[in-house]
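Asks: Be aware that the sequence shown starts at 0, since it is given in numbering that gives the first Met the number 0, and climbs by one per residue. C-beta: ideal position from N, C-alpha, C; glycine also. On a predicted model such as this, the values are computed, not experimentally measured, just so you know.
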Amino acid sequence: MKEFTAFLLGEQENISKALQTVTEKMPRSVQEIARYAFLSGGKRLRPVLTLLWYKLLENRNKITHPVLSVYDASIVLEMFHVASLLHDDVLDNAELRRGKTSSHIKFGIRPCLLAGDALLAMGNKQMAEFQNVRLMNIISDALLRTANGEIDEIALAGKIPASPAEYLDVIEGKTAWIIRSACEVGAVMAGAGEEDTAKARNFGLNLGMAFQIVDDALDFSPEEIIGKPAGGDLRERKCTPPVYMYLETLHGQEKEDFIKKFNVIPSPIFEANQKQGMDNTGFSHEELKAINQKIIDAKFPEKTRELAQSYLDKARENIANFTGSYANMLLEAITYVKERKK
Ligand code: FPP
Ligand code: MG
């Protein structure tokens, strides 16, 4: 993983500069929130994927701009990602993100929702500067699919998915589409042909699916590592693979009780639930703790990671015909997603 990690580190400065420049172009009222959200320690995976596909496929048909560079294009999907997290932390009542106070706790819900909106708008404006309809279509689709994935996830909250496809559709929308689009933007900016562009987007889609599956496994890792309380998905009534695997071990009355408590719609007043000792769910704090421990003891997070493998294999197929250091780095990106610990 040496080359990919070195590239990731080496490009941080250029990516940060592009983020800083775009932040300065935004209305003053949202700059502080945008800066806080950008600086909260993300890995910049999405811009790096855009850059790697760009460098792998760069040719004389590449898209150019008199002032802006590929870095300015590469941060658009990062802006969407950060905007989605600003909104997501409000929806999930999350108090911590990457070990820091969530933006909506620090700045208030309304300013953060609007800062998220401003980031989405600014991302669109920045991409429009390249005057390329194809790029605009790619990022609009990413926005639509992401919003749709989140809406479907909320509709499924507290329910047991009827089939794995229901869960897979949600993660494809809420996570994989932005990663797919990050790769596709790189290919289109590079001036790649149809076949290679399809490879870029399929690579991204599959890597994105694996990324979210691994994320759902990591949700049961200690707070010191993931920077947010362990077991958040169960608390947020999301039936992710580790939760589903636990459900499958239950029978009879125990299973019925679990489903009933999982299905309790929390009061919109967070504090009211906490006063009743209900951790914003139908489960008590102690019950949640005990279930989390059982999930960890049964190694369901590890088993969940194994589900990511078929997607990682498909991502690998999409770079099988490329050679050179950028192709190697994309291969290493697959290993990075597979092995990541936070
Ligand atoms: C984090 O998931 C959230 C997402 C991956 C997507 C959130 C999307 C929206 C709020 C829709 C609106 C956004 C756009 C771009 C139109 P998680 O809650 O499972 O992960 P977490 O534990 O890191 O919060
Ligand atoms: Mg969340």
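1. Just the C-alpha distance for Met126 and Glu183, rounded to the nearest angstrom, thanks.
2. Would you report the Cα separation of Ser162 and Leu155, rounded to the nearest angstrom?
3. With Met328 as the anchor, note down where its alpha helix (DSSP H) starts and where it stops.
4. Give me the Cα-Cα distance between Asn262 and Leu7, rounded to the nearest whole angstrom.
5. Please indicate yes or no: does the CB of Asp232 lie closer than 6 Å to some heavy atom of the ligand MG?
6. If you draw a straight line from the C-alpha of Gln308 to the C-alpha of Ser28, how long is it?
7. Count the other CB atoms, across all protein chains shown, that sit within 10 Å of the CB of Asn291; report buried if there are 16 or more and exposed otherwise.
8. Give a yes or no on whether the C-beta atoms belonging to Met25 and Met121 are separated by under 7 Å.
9. How about the segment 188 to 202 and the segment 221 to 234: do they share at least three Cβ pairs that are nearer than 8 Å?
10. Tell me which residues share the same chain as Lys254 and place their Cβ nearer than 8 Å to its Cβ, disregarding the 5 neighbours each side in the sequence.
11. Please report the straight-line C-alpha distance between Ile32 and Ile104, rounded to a whole angstrom.
12. Can you give me the C-alpha to C-alpha distance between Val69 and Asp215, rounded to a whole angstrom?
13. So is the beta-carbon of Asp91 under 6 Å away from any non-hydrogen atom of the ligand FPP?
14. Quick check on the burial criterion: 16 or more other C-beta atoms within 10 angstroms. Buried or exposed for Arg59?
15. With distances taken between CB atoms, is the gap from Leu76 to Arg45 smaller than 7 Å?
16. In whole angstroms, what separates the C-alpha of Gly41 from that of Asn327?
17. Tell me the rounded alpha-carbon separation between Asp335 and Phe3.
18. Given Ser101, which residues of its chain have a CB within under 8 Å of its CB, disregarding the five upstream and five downstream residues?
19. Under 6 Å Cβ to Cβ from Tyr325, same chain only, skipping five residues before and after it: list those, please.
20. Can we say the segment 295 to 302 touches the segment 169 to 185, given the rule of at least three CB pairs closer than 8 Å?
21. Can you grab the Cα-Cα spacing for the pair Thr49 / Ser283, in whole Å?
22. Let me confirm a value: Asp296 is counted as buried when at least 16 other C-beta atoms fall within 10 Å, else exposed. Which label applies?
23. What does the Cβ neighbour count give for Asn136, buried or exposed, with the cut at 16 atoms within 10 Å?
24. Can you name, in chain order, every residue of its own chain whose Cβ lies under 8 Å from the Cβ of Gly231, other than the five neighbours on each side?
25. Here's the rule I'm using: 16 or more other beta-carbon atoms within 10 Å means buried, otherwise exposed. How should Ser139 be labelled?
Replies: Working from what's here:
1. The C-alpha of Glu183 is placed about 13 Å away from the C-alpha of Met126.
2. 12 Å
3. Counting along the chain, the alpha helix (DSSP H) containing Met328 begins and ends at Ser324 to Glu338.
4. 41 Å
5. no
6. 44 Å
7. buried
8. yes
9. No, they do not touch.
10. Leu246
11. 11 Å
12. 32 Å
13. yes
14. exposed
15. yes
16. Just so you know, the alpha carbons of Gly41 and Asn327 end up roughly 23 Å apart.
17. Position check: residue 335 holds Tyr in this sequence, whereas Asp was assumed. About 9 Å.
18. Asp88, Ala93, Glu94 and Leu95
19. Leu51, Lys54 and Leu55
20. No, the segment 295 to 302 is not in contact with the segment 169 to 185.
21. 44 Å
22. Per the 10 Å Cβ criterion, exposed.
23. exposed
24. Cβ within range, chain order: Asp91, Ala93 and Asp218.
25. exposed
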